[in-house]
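Peer 1: Please find one structure pasted underneath; my questions will follow.
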Amino acid sequence: MTSAPPFELRARAIAHSNIALAKYWGKSTRGDNLTAVPSLSMTLDALSSRTEVRFDARLSQDELMLNGKELGERELERVAALLQRVRIASGLQHFARVESENNFPTAAGLASSASGFAALALAALGATGRPFTTWQASRLARQSSASAARSLFGGFVELGTEAEAGSPYLPGSHWDLTMLVAVIEDAKKPVSSTLGMEHTRQTSPFYSAWVKAAPETFAEVRDALKAREFAVLARAMEHSTLAMHATMSSAKPPVLYFRGPSTELIHAIRARREKGYPESFTLDAGPNVKLLTLTEHAGRAEEFLRGFPGVNAVLRAKPGPSASLLSLENTLGEAKRLELAEQVG
Ligand code: DP6
67 MTSAPPFELR ARAIAHSNIA LAKYWGKSTR GDNLTAVPSL SMTLDALSSR
117 TEVRFDARLS QDELMLNGKE LGERELERVA ALLQRVRIAS GLQHFARVES
167 ENNFPTAAGL ASSASGFAAL ALAALGATGR PFTTWQASRL ARQSSASAAR
217 SLFGGFVELG TEAEAGSPYL PGSHWDLTML VAVIEDAKKP VSSTLGMEHT
267 RQTSPFYSAW VKAAPETFAE VRDALKAREF AVLARAMEHS TLAMHATMSS
317 AKPPVLYFRG PSTELIHAIR ARREKGYPES FTLDAGPNVK LLTLTEHAGR
367 AEEFLRGFPG VNAVLRAKPG PSASLLSLEN TLGEAKRLEL AEQVG
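Rendered as structure tokens:
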């Protein structure tokens with residue numbers, strides 16, 4: 067018989083979404099959700115997830131509530147797998163209740179797995195009351211969703227080939243950039259990234275070429291970002307995007323995420339750059355186009371996107387902060403709690 071717990075282990079965390087400038091698509095054959103290519107992203111200040119984890123001896127299974135809605139078995143599976151890793155590592159046995167909210171409209175059709183799993187990893191580790199590092203939180207997030215490893219850190223963040231965790235590359239203050247998200251379609255994507263990339267790996271004749279070429283593109287993105295060379299960065303990040311989508315398109319059957327307006331917008335952005343506008347594009351596993359620009363030009367770029375046929379909404383973000391714990395409630399004393407909060411800062 068399990069007796070009622072004398073306390074609850076509870077923590078709340080916030081993490082921000084990120085968009086890759088050098089893309090990850092494909093998992094290493096070593097398993098454990100390690101990535102086959104290096105990636106580099108910008109954390110976004112405007113898009114975040116807040117997640118609370120409460121380990122509680124009264125629960126008979128893990129529970130998940132997302133944006134006020136109780137979710138069932140299927141959605142719970144990946145979350146429960148993360149919680150299970152935490153239980154094994156910490157020796158805790160209790161099930162947990164997870165409550166998560168995204169501050170961006172779910173209808174925007176944006177992947178929330180990066181910010182969601184980053185916040186979940188941080189809150190789950192925080193709730194155990196045991197000391198841990200940001201590296202450990204990033205590793206835990208990466209095992210569930212590789213792009214989430216990058217959301218533990220602010221500014222510009224790397225995840226190397228087969229890297230256990232993300233690592234900060236440059237602070238957001240390095241360059242005053244703005245990311246505009248042009249929402250073209252808000253439906254849930256037909257093929258998830260996880261399934262899409264595995265299918266690509268198994269069936270695309272171009273997949274091995276993508277894996278071979280990706281490190282060079284990653285290095286170009288990395289160097290251009292450091293040197294603040296917008297035109298060079300634009301070429302490298304667009305190459306990363308199009309090479310990734312070309313690889314998906316050559317899978318059998320193809321994995322196609324572009325819609326008509328996505329393609330039209332790509333042409334328009336390239337034409338505008340020819341005219342001298344600092345604008346470049348990237349797309350993930352969906353039809354929405356993300357436009358990167360210098361913040362001083364962001365107003366004009368946003369106006370252009372809002373007037374573009376097929377664009378239903380525009381979200382605006384600058385480089386965001388690292389993930390952080392918002393509160394810790396457990397049996398530890400106040401001093402220990404503050405020490406922990408500082409460690410994961
Ligand atoms: C196209 O991180 O969502 O956004 O590791 O299977 O959860 P899993 O995949 P996920 O893939 C992201 C792919 C991408 C590019 C990127 O963010 O690097």
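Residue numbers in the sequence shown follow the numbering used here, run continuously in steps of one, and reach 411 at the last position. We put the beta carbon where it would ideally sit given N, CA and C, even for glycine.
#1: Would you say the beta carbon of Ala351 comes nearer than 7 Å to a heavy atom of ligand 1?
#2: Assess contact between the region 221-238 and the region 92-110, defined as three or more Cβ pairs (one per stretch) separated by less than 8 Å. Is contact present?
#3: Would Ser166 and Gly182 qualify as a contact pair, given that the criterion is a beta-carbon distance under 8 Å?
#4: Can you name the start and end residues of the beta strand (DSSP E) that Ala327 belongs to?
#5: Over the uninterrupted beta strand (DSSP E) stretch that includes Val321, give me the two end residues.
#6: Among Met310, Phe374, Pro344, whose alpha-carbon lies nearest the alpha-carbon of Pro49?
#7: Looking at ligand 1, does it come within less than 7 Å of Ser105, judged from the CB to the closest heavy atom?
#8: Return the Cβ separation of Ala193 and Leu308 in integer angstroms, given the expectation that the two are a contact with Cβ distance under 8 Å.
#9: Looking at ligand 1, does it come within less than 7 Å of Thr416, judged from the CB to the closest heavy atom?
#10: Hey, Ile250 and Pro197: beta-carbon distance below 8 Å or not?
#11: Alpha carbon to alpha carbon, how far is Arg124 from Leu158?
#12: Considering Cα atoms alone, identify which of Gly138, Phe121, Arg144, Leu176 is closest to Ser156.
#13: Using the Cα positions of His160 and Glu129, report the straight-line distance between them to the nearest angstrom.
#14: Given Lys318, which residues of its chain have a CB within under 6 Å of its CB, disregarding the five upstream and five downstream residues?
#15: For Ala173 and Gln209, I'd like the C-alpha separation in whole angstroms.
#16: Rounded to the nearest angstrom, what separates Ala285 and Leu291 at their Cα positions?
#17: Distance check for Asp289 and Ser316, CA to CA, integer angstroms please.
#18: Considering just the uninterrupted stretch of the beta strand (DSSP E) at Pro234, what are its terminal residues?
#19: Along the chain, which unbroken stretches of the beta strand (DSSP E) at least 3 residues long are found entirely within the region 146-170?
#20: Is Lys89 a contact residue of ligand 1, with contact defined as CB to any heavy atom under 7 Å?
#21: Suppose contacts are defined by Cβ-Cβ distances below 8 Å. Is Ser114 in contact with Val223 by that definition?
#22: On the three-pair Cβ rule with 8 Å, is the region 339-359 touching the region 234-254?
#23: Taking Cβ positions, are Ala81 and Ala351 nearer each other than 8 Å?
#24: Helix, strand or coil for Lys278 per DSSP?
Peer 2: To lay it out plainly:
#1: For ligand 1, at least one heavy atom lies less than 7 Å from the Cβ of Ala351.
#2: With the cut-off at 8 Å, the region 221-238 and the region 92-110 touch.
#3: Yes. Within cutoff.
#4: Strictly speaking, residue 327 in this sequence is Pro, with Ala absent from that position. Going by DSSP, Pro327 is part of no beta strand (DSSP E) but of the alpha helix (DSSP H) stretching over 326-340.
#5: Secondary structure note for Val321: it is in no beta strand (DSSP E), with a DSSP letter that is neither H nor E.
#6: Here the chain covers residues 67 to 411 and nothing more, so residue 49 does not appear.
#7: Checking the Cβ of Ser105 against ligand 1 gives yes.
#8: Between Leu308 and Ala193 the Cβ distance is about 42 Å, and since that is not below 8 Å, they are no contact.
#9: With the chain covering 67 to 411 only, the question about residue 416 has no answer from this structure.
#10: Against a cut-off of 8 Å, the Cβ pair of Pro197 and Ile250 comes out as no contact.
#11: Roughly 14 Å between the two C-alpha positions.
#12: Minimum Cα-Cα distance from Ser156 among the listed residues Gly138, Phe121, Arg144, Leu176 corresponds to Phe121.
#13: CA-CA distance, His160 to Glu129, rounds to 12 Å.
#14: Here Lys318 has Thr269 as same chain residues with Cβ atoms under 6 Å from its own Cβ, once five neighbours each way along the sequence are excluded.
#15: No answer about Ala173 holds up, because its pLDDT of 48 lies below 50 and its placement is not dependable.
#16: Computed Cα separation, rounded: 10 Å.
#17: CA-to-CA, the gap between Ser316 and Asp289 works out to about 29 Å.
#18: Looking at the DSSP string, the run of the beta strand (DSSP E) that includes Pro234 is 233-236.
#19: Entirely contained in the region 146-170, the beta strand (DSSP E) runs reaching 3 residues are, in chain order, 161-168.
#20: True, at least one ligand heavy atom lies under 7 Å from that Cβ.
#21: No, they are not a contact pair.
#22: Cβ pair count under 8 Å is three or more, so yes.
#23: With contacts defined as CB atoms closer than 8 Å, Ala81 and Ala351 fail to qualify as a contacting pair.
#24: Here Lys278 sits in helix by DSSP.
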